[in-house]
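Asker: Residues 47 to 232 (the numbering used here) are what the sequence shown spells out, left to right.
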Amino acid sequence: MRRRQFIGALGTTLGGAGLAGAAFDLLAQSPLRTPDVIFVPSNFDVVVQMLKLAEVTSKDIVYDLGCGDGRFVVTAARQFGARGVGIDIDPERIQEARELSARTGADDKVRFIQGDLFDTDISEATVVTLYLLTRLNLKLRPKLMKELKPGTRIVSHAFDMGDWKPEKSEMVGGAPIYLWRVPPRA
Ligand SMILES: C[S@@+](CC[C@H](N)C(=O)[O-])C[C@H]1O[C@@H](n2cnc3c(N)ncnc32)[C@H](O)[C@@H]1O
47 MRRRQFIGAL GTTLGGAGLA GAAFDLLAQS PLRTPDVIFV PSNFDVVVQM LKLAEVTSKD
107 IVYDLGCGDG RFVVTAARQF GARGVGIDID PERIQEAREL SARTGADDKV RFIQGDLFDT
167 DISEATVVTL YLLTRLNLKL RPKLMKELKP GTRIVSHAFD MGDWKPEKSE MVGGAPIYLW
227 RVPPRA
């Protein structure tokens with residue numbers, strides 16, 4: 047789904063941007079390092095179904111690690127009443143995410159951090175969403191186990207966690223989505 051359609055699906059319309067100043071700021075920035083994976087957005091059906099699979103409610107804090115244009119956390123706020131935090135290494139994505147949250151009226155519930163997902167504190171999350179790669183999920187696993195509270199739900203689009211078998215999985219639009227729950231501490 048194209049970005050404009052996605053915003054339409056959230057029940058809003060695009061207004062005039064007037065972001066010339068922000069665009070100049072953006073040109074002066076660059077990612078902290080090369081992103082581990084390029085930006086490929088999840089489509090709207092996948093976003094909604096992953097949030098449903100994780101049973102997101104207004105009590106949740108949803109972290110999207112590699113948030114792209116912010117669609118997971120904005121949808122979690124707008125459609126599920128949750129709070130959200132998006133982290134992306136690419137300043138252009140963070141700029142887009144802030145635009146999306148402003149235009150959809152989600153600003154009071156979400157925030158975006160430009161940073162490396164491997165170096166950012168994620169301990170307050172109750173739900174984590176991922177659309178990375180299996181090798182990145184595996185690299186992330188020790189951090190998820192160390193920082194997240196037992197019971198925190200993790201949902202991933204398309205990519206699994208190797209030998210950590212999901213509690214649930216289903217197909218959405220031809221791609222698998224997976225759910226895990228952080229186990230009690232040993
Ligand atoms: C496949 S896109 C997924 C975007 C969004 N989560 C979605 O599903 O629509 C992956 C995103 O991860 C970001 N990314 C890649 N490596 C990263 C890193 N080390 N730290 C933070 N973000 C990263 C990219 O900039 C990109 O926006």
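For every residue, glycine included, the Cβ atom is placed at its ideal position computed from N, Cα and C.
Do residue 90 and residue 114 count as a contact pair if the criterion is CB distance below 8 Å?
Answerer: Cβ distance not < 8 Å, so residue 114 and residue 90 don't count as in contact.
Asker: Name the DSSP beta bridge partners of residue 216, please?
Answerer: DSSP lists 223 as partners of residue 216.
Asker: Contact between the region 131 to 144 and the region 198 to 212: three or more CB pairs below 8 Å?
Answerer: No contact exists between the region 131 to 144 and the region 198 to 212.
Asker: Go ahead and label residue 155 buried or exposed: buried means 16 or more other beta carbons lie within 10 angstroms of its beta carbon, across all protein chains shown.
Answerer: Buried is the call here.
Asker: Could you tell me which uninterrupted alpha helix (DSSP H) segments, each at least 4 residues in length, are contained entirely in the region 67 to 155, listed from first to last along the chain?
Answerer: DSSP runs (the alpha helix (DSSP H)) wholly in the region 67 to 155: 90 to 99, 117 to 126 and 137 to 149.
Asker: Going by DSSP in three states, residue 180 sits in which element: helix, strand or coil?
Answerer: The answer is helix: DSSP assigns residue 180 an H, G or I state.
Asker: Excluding the 5 residues flanking residue 95 on each side, which residues of the same chain have their C-beta closer than 8 Å to its C-beta?
Answerer: 216, 218 and 223, listed in sequence order.
Asker: How is the beta strand (DSSP E) around residue 228 delimited, first residue to last?
Answerer: Neither: residue 228 is in no beta strand (DSSP E) and is coded neither H nor E.
Asker: Please list the terminal residues of the continuous beta strand (DSSP E) segment that includes residue 202.
Answerer: Element bounds for residue 202: 199 to 203.
Asker: List the residues that DSSP assigns as beta-bridge partners of residue 172.
Answerer: For residue 172, which the question treats as bridged, DSSP gives no partner whatsoever.
Asker: Taking the straight line between their C-alpha atoms, what separation do you get for residue 200 and residue 129?
Answerer: Answer to the nearest angstrom: the Cα atoms are 16 Å apart.
Asker: Excluding the 5 residues flanking residue 131 on each side, which residues of the same chain have their C-beta closer than 6 Å to its C-beta?
Answerer: 109 and 157, listed in sequence order.
Asker: Near residue 120, which residues of its chain fall below 8 Å by C-beta distance, leaving aside the five closest residues on each side in sequence?
Answerer: Taken in chain order, the residues that qualify are 56, 130, 143, 146, 147, 150, 152 and 156.
Asker: Which residues does DSSP pair with residue 157 in a beta bridge?
Answerer: In the DSSP output, where bridge partners are listed per residue, residue 157 has 131.
Asker: Go ahead and pull the three-state DSSP assignment for residue 61.
Answerer: Reliability of the predicted coordinates at residue 61 is poor, the pLDDT of 34 falling under 50, and no value is obtained from them.
Asker: Taking Cβ to Cβ, would you say residue 83 is nearer than 8 Å to residue 112?
Answerer: Yes, these two residues count as a Cβ contact at 8 Å.
Asker: For ligand 1, is there a heavy atom less than 7 Å away from the beta-carbon of residue 164?
Answerer: Yes, the Cβ of residue 164 comes within 7 Å of a heavy atom of ligand 1.
Asker: Using CA coordinates, which residue listed in 221, 134 and 230 is at the minimum distance from residue 193?
Answerer: Closest by alpha carbon: 230.
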